[in-house]
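Okay, so here's the structure we're looking at.
Residue numbers (the numbering used here): 98 to 348.
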C-alpha cells in the first residue's frame, strides 16, 4: 500500500506563564498536507533556557509521533521512514542528536531524553525550520492577527462560513476562497469546492496549492462513488480523513 508520510512541527515559548514561569509546548502533525493532530499544553517543569524549553517540547512531540505511528500501523499505513519533526531552535536540535550528556543537559530529567532514543531507533528525526515558518508557533503564545490568520491558513483550519464580503486585497480573497474550498471538499460537497477553486485560480492561476486541490476534487467528482468511513473517535477520524485526502492526491 502507498505510504503517506507523517511529519510534525514542534515549538515552545519561554517562561510565558508570568506566575510560575513555565513554558508552553505546541505541536501539529500532518499526514501529507493534512493536519491530523495538534496540541497545546503548559510544560510540567520550569526550564532554565529557551533551548531547554524547546528540548522538552521536542520530547513531547516525539512521544506523540510514536503514538501516531503506532495508530497508522494498525490502519495498515505503517511508516517505513523516520518521522521528521521540525524545530526552530538549533541548540535544541543539537542536544537531541547528541547522545553525550554534558553540562547543558545533565540536570534535565532522564525522561526528557526519550527523543534521543527515538532518533537512535530511526523512528524520529529532527530538522530545522525558520521561526517565521514554524507552524506550531500558533499553539504556544498569542500572535498578531495577521500572523495568526496566516498560520491558521497554512495549517488548513478555519470556519467554512468565512465571509468574503470584507476582503481588501486579491491575496486575502484568494486565501479565503481556498479555505472555503478545502472546507467544502472535506464536507463532501465537491461541486461547491470546484466552483470556489475556479474563482480562486482566476485570481492566482499558478498557485500550486489550489491546483493540487483542484486535481483532487476533479478526480473525486469523476469517480463513481466515494467510500465514507464513520469512526467516532476524533483522533482516528482525523487521521483517516488525512489518509483519504492524501490518497486522492496520489491518484
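The beta-carbon is built from N, C-alpha and C at its ideal position, and this holds for glycine as well.
On a Cα-Cα basis, can you pick out the residue from the options that is closest to residue i?
i: residue 362; options: 186, 161, 173 and 271; result: Any answer about residue 362 is impossible in this case: the structure gives the chain only from 98 up to 348.
i: residue 149; options: 133, 165 and 186; result: 186
i: residue 140; options: 133, 128, 165 and 111; result: 111
i: residue 102; options: 122, 207 and 133; result: 133
i: residue 270; options: 246, 287 and 286; result: 246
i: residue 156; options: 208, 120, 121 and 273; result: 208
i: residue 350; options: 268, 168, 278 and 267; result: Nothing in the structure corresponds to residue 350, since the chain is present only between 98 and 348.
i: residue 268; options: 304, 124 and 122; result: 304
i: residue 214; options: 232, 233, 234 and 193; result: 193
i: residue 125; options: 232, 293 and 286; result: 232
Just list the residues that DSSP pairs residue i with in beta bridges.
i: residue 106; result: 125 and 183
i: residue 131; result: 128
i: residue 139; result: 121
Would you tell me roughly how many angstroms separate the C-alpha atoms of residue i and residue j, rounded to the nearest one?
i: residue 191; j: residue 152; result: 10 angstroms
i: residue 131; j: residue 251; result: 10 angstroms
i: residue 302; j: residue 118; result: 48 angstroms
i: residue 204; j: residue 171; result: 37 angstroms
i: residue 104; j: residue 135; result: 12 angstroms
i: residue 236; j: residue 227; result: 16 angstroms
i: residue 308; j: residue 248; result: 20 angstroms
i: residue 127; j: residue 230; result: 15 angstroms
i: residue 206; j: residue 116; result: 23 angstroms
i: residue 319; j: residue 275; result: 21 angstroms
i: residue 143; j: residue 108; result: 16 angstroms
i: residue 158; j: residue 188; result: 17 angstroms
i: residue 129; j: residue 195; result: 29 angstroms
i: residue 114; j: residue 216; result: 30 angstroms
i: residue 145; j: residue 120; result: 10 angstroms
i: residue 272; j: residue 106; result: 22 angstroms
i: residue 168; j: residue 123; result: 21 angstroms
i: residue 63; j: residue 298; result: Because residue 63 is not part of the residues shown, which for the chain are 98 to 348, the question remains open.
i: residue 211; j: residue 234; result: 23 angstroms
i: residue 266; j: residue 296; result: 14 angstroms
i: residue 355; j: residue 225; result: The structure shown does not extend to residue 355, since the chain is modelled only from 98 to 348, so the question has no answer here.
i: residue 287; j: residue 137; result: 32 angstroms
i: residue 294; j: residue 317; result: 14 angstroms
i: residue 306; j: residue 300; result: 13 angstroms
i: residue 292; j: residue 154; result: 41 angstroms
i: residue 244; j: residue 166; result: 31 angstroms
i: residue 323; j: residue 289; result: Because residue 323 sits at a pLDDT of 41, beneath the cut-off of 50, its placement in the model cannot be relied upon, and the point is left open.
### Query
Counting pairs of Cβ atoms below 8 angstroms between the segment 306 to 315 and the segment 270 to 284, do you hit three or more?
yes
### Query
When the Cβ atoms of the segment 167 to 177 are set against those of the segment 224 to 241, are three or more pairs found closer than 8 angstroms?
No: fewer than three Cβ pairs fall under 8 angstroms.
### Query
Between the segment 217 to 228 and the segment 155 to 171, do three or more beta carbon pairs fall short of 8 angstroms?
yes
#### Entry: Completely contained alpha helix (DSSP H) runs for the segment 214 to 291, where each covers 4 or more residues
242 to 252 and 267 to 284
### Query
In chain order, which alpha helix (DSSP H) runs of at least 4 residues are fully inside the segment 296 to 323?
305 to 319
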